[in-house]
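Numbering (the working numbering), first residue to last: 2 to 319.
Working notes, structure below.
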C-alpha cells in the first residue's frame, strides 16, 4: 500500500498530494504549489512522530476526540477549572521541539525552519503550515505542561494553536489563564462549554452560528445558479454540523439554525427550482453522535485503514 513509504519517495508522494488537493495550482505550476509540496513532504516525516506526543490532538483525529476528552475530564473526574496556554506563532522555533522529539537531522530541521514564515495569517497556506508543524514546534512546551499536569493530577490536551488543562483546582504555571467553568462559559474550538450540576454542557459558539449565517447570506446574494447556491449553503451547514454533531446541547440550537437557513433556501432557491429539494442538507434530520471516541494512536499504519481513508488524513483543511 502507498502509505508504506521509503525516504526517497517522500517528494513524489508530496507532489501527488499537492496535485490531489491543489489541482489548479499544481497544474499551473504556481508558487503556492511548491510551498504545499514542501509542507506535505515535511508532514510525511513528522506525522508518525505525532504518535509519540502525549495529549496531542492529532490532525487525523476528528472533533469528537476533543469533546470526549472534555466529557471524561469533567463528568467523570470533576475537573471543572480550565487552564489555557495559547501558542504564539510569531515566536515559534523548531529547535526545542526537534530536540524533544529526538530529531537530529540538521538539514531537515533547517528545511522545517524555512517553512515557519508561512505560518502567519488566516489563509489556507498559513492554517496548513500551523497544522503540519504545530505538533513539532510546540512539543517541548507541551511536555513541560504535561509534567505539571501529572504533578497536579490534571488532564491535558493540545494542538497547533493552544494547550488546555482541566483540573479540580487551579495551580501556578507560567502563561496559564484559569477559568472556573461552573461560573463562566468559554469558547473552545467551535463550541461554547460550561459546567452545570457537575456535567459538561456544550453547544455551538455564537461566532460559528454567525459564520454559518454569513455564508448563507453570501450564497443567496451571489449571481450564481440555484444549484451552486444550494451547494454553497449545504457546504456551510455540513461544516457547522461537523462540529455540532458531538455537542449534545447543540441539538435544540440546530433546530433554530435550521429554521433560519430553510427560510432563505425555500425563498431564494426552491421557489424557483423546486426540483432541488431532494439535494438540500437538512440539519433537523442530520445524524448526532453521543458516544465517547478515543483517537487511535496508530491510525497512520493500521492495516484496516483503507487507502482512501489514508489519503483523507492529508487534507490541508482541518
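Quick reminder that beta carbons are idealized off the backbone N, C-alpha and C, glycines included.
All values derive from a computational prediction rather than experimental measurement.
Query                                                                                                 : Result
At least 3 beta-carbon pairs within less than 8 Å: the stretch 68-86 vs the stretch 165-176           : yes
Proximity winner among 108, 130 and 101, relative to residue 143 (alpha-carbon distances)             : 101
Residues near residue 90 by beta carbon distance below 7 Å, same chain, minus five either side        : 120, 121 and 131
Stretch pair the stretch 58-70 + the stretch 294-301: three plus CB contacts closer than 8 Å          : yes
Spatial distance of residue 2 from residue 17 (CA atoms)                                              : Caution applies to residue 2, whose pLDDT of 39 falls short of 50 and renders its modelled position unreliable; the value that the coordinates give is listed next. Cα to Cα, residue 2 sits roughly 15 Å from residue 17.
Proximal residues to residue 66 (C-beta, below 8 Å), its chain only, five neighbours per side dropped : 58, 294, 295 and 296
Residues near residue 252 in its chain [Cβ-Cβ closer than 7 Å; skip 5 each side]                      : 289
Boundaries (first-last residue) of the beta strand (DSSP E) holding residue 320                       : Because residue 320 is not part of the residues shown, which for the chain are 2 to 319, the question remains open.
Span of the beta strand (DSSP E) around residue 165                                                   : 163-168
The beta strand (DSSP E) enclosing residue 159, as first and last residue numbers                     : 156-159
Reduced DSSP category for residue 200 - H, G, I as helix; E, B as strand; rest coil                   : strand
Reference residue 151, options 169, 138, 136 and 134, closest by Cα                                   : 169
Residue 205 and residue 254 closer than 9 Å at C-beta                                                 : yes
Beta-carbon spacing of residue 194, residue 213 below 9 Å                                             : no
CA-to-CA distance, residue 284 to residue 51, given in whole angstroms                                : 34 Å
Cβ shell of residue 298 (< 7 Å), same chain only, five flanking positions each side left out          : 52
The beta strand (DSSP E) enclosing residue 83, as first and last residue numbers                      : 82-87
Opposing strand residues paired with residue 68 [DSSP bridges]                                        : Paired residue(s): none; residue 68 is not in a bridge.
DSSP state of residue 57 mapped onto helix, strand, coil                                              : strand
Opening and closing residue of the alpha helix (DSSP H) in which residue 73 lies                      : Premise fails: residue 73 is in no alpha helix (DSSP H) and is neither H nor E.
Nearest residue (CA-CA) to residue 246, options 287, 231, 274 and 228                                 : 287
DSSP three-state assignment for residue 14, whether helix, strand or coil                             : helix
Cβ-based neighbour list, residue 250, same chain, cut-off 7 Å, excluding 5 preceding and 5 following  : 202, 203 and 204
Of the residues 125, 134 and 123, the one placed nearest residue 113, counting alpha carbons only     : 134
Residue nearest to residue 262 in terms of C-alpha spacing, selected from 228, 210 and 116            : 210
Cβ contact (3+ pairs, closer than 8 Å) linking the stretch 266-282 and the stretch 224-239            : yes
Three-state class that DSSP yields for residue 301 in the structure shown                             : coil
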